[in-house]
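A.B. asks: Before anything else, here's the structure in question.
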Amino acid sequence: EPEVTQTPSHQVTQMGQEVILRCVPISNHLYFYWYRQILGQKVEFLVSFYNNEISEKSEIFDDQFSVERPDGSNFTLKIRSTKLEDSAMYFCASRMDRLNTEAFFGQGTRLTVV
Amino acid sequence: AQKVTQAQTEISVVEKEDVTLDCVYETRDTTYYLFWYKQPPSGELVFLIRRNSFDEQNEISGRYSWNFQKSTSSFNFTITASQVVDSAVYFCALSENSGNTPLVFGKGTRLSVIA
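Listed in order, the protein sequences are those of chains A and B. Under the working numbering, residues 86 to 199 are what the first sequence spells out, in order. Under the working numbering, residues 249 to 363 are what the second sequence spells out, in order.
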């Protein structure tokens, strides 16, 4: 069964460092998302991506964040200068199209900023 | 604006008991989708069900059943004869605009099933 794959599963980084979280969406999917879940809290939308551009983003997704699809298969989330409050589980999701399909989530990357 | 409320933060039941997880949503759209996801201790999000706003038929899948009532804006989830493996956090989510908008999640309900 096709699945969304995220790497790494856990990343520890020092405050102020840049991190790149990687995702390989399901191959025939066209819409890609990043969500964040601070420990013990709800899952929050960060950004959606379609046709090589951001289609929607939340207030959380400020200038410190960026996304790109560099090679047609990977979908990355970059945090330029990490803060302690960026520590969270980051989920990538993809869906085939906008209508009548569910989003499939990756297993998540746990980011710890120290 | 869309909003999902899961009023039950934590529920604890003894194995084999039935348990219902509540979900109440708010939306101004007439066409939307509702979802339930399971998050086991390992952390991943496992899709359980999707229901569109025009389909109010209740659904049963094994020990799981869902009760969608537009009149009360609720989409409740019942686990029959609970098992220890059902222990997880369960999230209800909503997508407006015919499902075009990203998912908005509730805060989740942590279910503990005790042997």
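For glycine and all other residues, C-beta sits at the position ideal for the given N, C-alpha and C. Every value quoted in this text rests on a predicted model; they were computed, and no experiment measured them.
(1) Using a C-beta cutoff of 7 Å, does F130 of chain A count as contacting chain B?
(2) Under the three-state reduction of DSSP, which class applies to T278 of chain B: helix, strand or coil?
(3) With a cut-off of 8 Å, do at least 3 Cβ pairs link the segment 185-195 of chain A to the segment 91-102 of chain A?
(4) Spatial neighbours of K318 of chain B within its chain, please: C-beta separation below 8 Å, excluding the five flanking residues on both sides.
(5) Closest Cβ-Cβ distance between R298 of chain B and chain A: below 7 Å?
(6) Quick check: what's the CA-CA separation for M100 of chain A versus L106 of chain A?
(7) So is G101 of chain A in contact with chain B if we call contact Cβ pairs under 7 Å?
(8) Is it true that the CB of F130 of chain A sits closer than 7 Å to the CB of P288 of chain B?
(9) So R358 of chain B packs on E258 of chain B, CB below 8 Å; how close in whole Å?
(10) For the candidate residues A:Y118, A:Y175 and A:V199, whose alpha-carbon lies nearest to that of L136 of chain A?
(11) Which of the three DSSP states is assigned to S319 of chain B in this structure?
(12) So D270 of chain B and A255 of chain B are in contact, right, with Cβ under 8 Å, and what is the actual spacing, rounded?
(13) Could you name the residues of the segment 348-362 of chain B whose beta carbon sits closer than 8 Å to any beta carbon of chain A, in the order they occur along the chain?
C.D. replies: Short version:
(1) By one-based count along the first sequence, residue 130 of chain A stands at place 45. Yes, because at least one Cβ of chain B sits closer than 7 Å to the Cβ of F130 of chain A.
(2) Against the second sequence, residue 278 of chain B aligns to sequence position 30. In this structure, T278 of chain B counts as coil in the three-state DSSP scheme.
(3) Here the segment 185-195 of chain A lies against the segment 91-102 of chain A, with 3 or more beta-carbon pairs under 8 Å apart.
(4) Locating residue 318 of chain B in the second sequence gives position 70, counting from the first residue. Within its own chain, the residues whose Cβ lies closer than 8 Å to the Cβ of K318 of chain B, once the five positions on either side in sequence are excluded, are S301 and E304, listed in chain order.
(5) Against the second sequence, residue 298 of chain B aligns to sequence position 50. Yes - at least one Cβ of chain A is within 7 Å of the one on R298 of chain B.
(6) Numbered from 1 along the first sequence, position 15 holds the residue referred to as residue 100 of chain A. Numbered from 1 along the first sequence, position 21 holds the residue referred to as residue 106 of chain A. Separation of M100 of chain A and L106 of chain A (C-alpha to C-alpha, rounded to the nearest whole angstrom) is 16 Å.
(7) Position 16 of the first sequence, counting from 1, holds the residue named residue 101 of chain A. With its beta carbon at least 7 Å from every one in chain B, G101 of chain A lies outside the interface.
(8) Here the question's residue 288 of chain B lines up with position 40 in the second sequence. Here the question's residue 130 of chain A lines up with position 45 in the first sequence. Cβ distance not < 7 Å, so P288 of chain B and F130 of chain A don't count as in contact.
(9) Taking the second sequence and counting its residues from 1, the one referred to as residue 358 of chain B is at position 110. Taking the second sequence and counting its residues from 1, the one referred to as residue 258 of chain B is at position 10. About 5 Å separates the two Cβ atoms, so the contact holds.
(10) Translated into positions along the first sequence, residue 136 of chain A becomes position 51. The sequence shown places Asn at residue 136 of chain A, rather than the Leu named in the question. Each of A:Y118, A:Y175 and A:V199 was checked against the Cα of N136 of chain A, and the nearest Cα belongs to A:Y118.
(11) The count along the second sequence starts at 1 and reaches residue 319 of chain B at position 71. Look at S319 of chain B here: in three-state DSSP terms it is helix.
(12) The count along the second sequence starts at 1 and reaches residue 270 of chain B at position 22. The count along the second sequence starts at 1 and reaches residue 255 of chain B at position 7. About 6 Å; that satisfies the 8 Å criterion.
(13) Answer set for the segment 348-362 of chain B: N348, T349, P350, L351, V352, F353, G354, K355 and G356.
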